[in-house]
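Report on one structure; see the data block that follows.
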Amino acid sequence: MPELQRLRADHAPDLLAFERENRVFFAASVPDRGDDYFTDFATRHEALLIEQAAGTCHFHLLMAGDSGEVLGRFNLVDVADGTADLGFRLAEKATGRGLATSTVHHLFTLCTTAYALTALRASAAVTNTASRAVLTRTGFVPTGEEVQLSGKRGLAYVRELPAEQRP
Ligand SMILES: CC(C)(COP(=O)(O)OP(=O)(O)OC[C@H]1O[C@@H](n2cnc3c(N)ncnc32)[C@H](O)[C@@H]1OP(=O)(O)O)[C@@H](O)C(=O)NCCC(=O)NCCS
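If you read the sequence shown in the numbering used here, its first letter stands for residue 1, the second for the next number, and so on.
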């Protein structure tokens with residue numbers, strides 16, 4: 001049973017392997033991170049943990065049981081005033097079985113119980129059908145605002161978090 005874990009220092013090697021193995025898959029939907037991301041990975045990982053400790057981001061990995069294998073990452077960034085931006089990516093081999101949808105639902109519980117969030121924002125390229133399907137299934141609604149995502153036309157979404165899920 002996959003488990004959602006808050007990002008830690010010791011996740012670094014498994015996270016790097018996940019990003020390397022799925023680099024081509026991700027680049028078909030979202031901008032490639034570039035070679036520097038991989039060579040400077042350790043420094044960047046430390047920087048993410050510092051941001052997380054400051055409370056401006058909450059990073060999560062979806063781990064496959066005890067194997068240490070990373071199946072996905074689900075990140076909340078720009079945390080402020082009870083809101084945050086959601087981003088996610090799943091290993092290619094883990095797609096197509098509803099894992100992104102179920103994990104976003106699980107994340108909502110964390111958002112309301114642990115992070116005191118009342119709304120999430122997200123955006124997806126118009127052409128990113130899988131991402132838009134996940135957002136729609138998890139109750140995100142388009143704001144009507146168009147955004148540019150690395151030169152691609154994108155849609156902005158928002159998801160209010162229901163009061164009954166708040167602490
Ligand atoms: C987007 C992503 C997380 C979806 O993961 P997933 O676990 O496969 O998502 P789910 O199974 O929960 O739901 C995806 C739905 O979109 C559908 N879908 C996927 N690709 C599709 C396509 N090209 N056209 C139409 N529907 C598509 C899936 O079939 C599924 O619906 P179904 O269950 O009715 O078949 C994954 O594809 C991914 O990581 N992509 C690369 C990175 C990325 O795009 N991240 C989002 C950036 S905004």
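The beta carbon of each residue, even a glycine, is placed where N, CA and C say it ideally should be.
Where residue i falls, given that 16 or more other Cβ within 10 Å makes a residue buried
| i | result |
| --- | --- |
| Phe38 | exposed |
| Val134 | buried |
| Val79 | buried |
| Thr109 | exposed |
| Arg89 | buried |
| Val126 | exposed |
| Gln148 | exposed |
| Gln52 | buried |
| Ser150 | exposed |
| Ser67 | exposed |
| Val24 | exposed |
| Gly194 | Outside the displayed span of the chain (1 to 167) sits residue 194, for which this structure offers no information. |
| His58 | buried |
| Ala84 | buried |
| Val141 | exposed |
| Arg132 | buried |
| Ala124 | buried |
| Arg73 | buried |
| Gly96 | exposed |
| Arg20 | exposed |
Boundaries (first-last residue) of the alpha helix (DSSP H) holding residue i
| i | result |
| --- | --- |
| Phe25 | Arg23 to Ala27 |
| Ser131 | Thr129 to Arg137 |
| Asp35 | Asp35 to Thr39 |
In DSSP terms, what residue i is bridged to
| i | result |
| --- | --- |
| Glu19 | DSSP, once it has assigned bridges, lists no residue as partnering Glu19. |
| Phe140 | Beta-bridge pairing links Phe140 to no other residue. |
| Val147 | Gly154 |
| Ala125 | Gly154 |
Segment limits, beta strand (DSSP E) that includes residue i
| i | result |
| --- | --- |
| Leu4 | Glu3 to Arg6 |
At 3 residues or longer, what runs of the beta strand (DSSP E) sit wholly inside the region 42-121? Taken in chain order, the whole beta strand (DSSP E) runs of length 3 or more contained in the region 42-121 are 58-64, 69-80 and 83-90.
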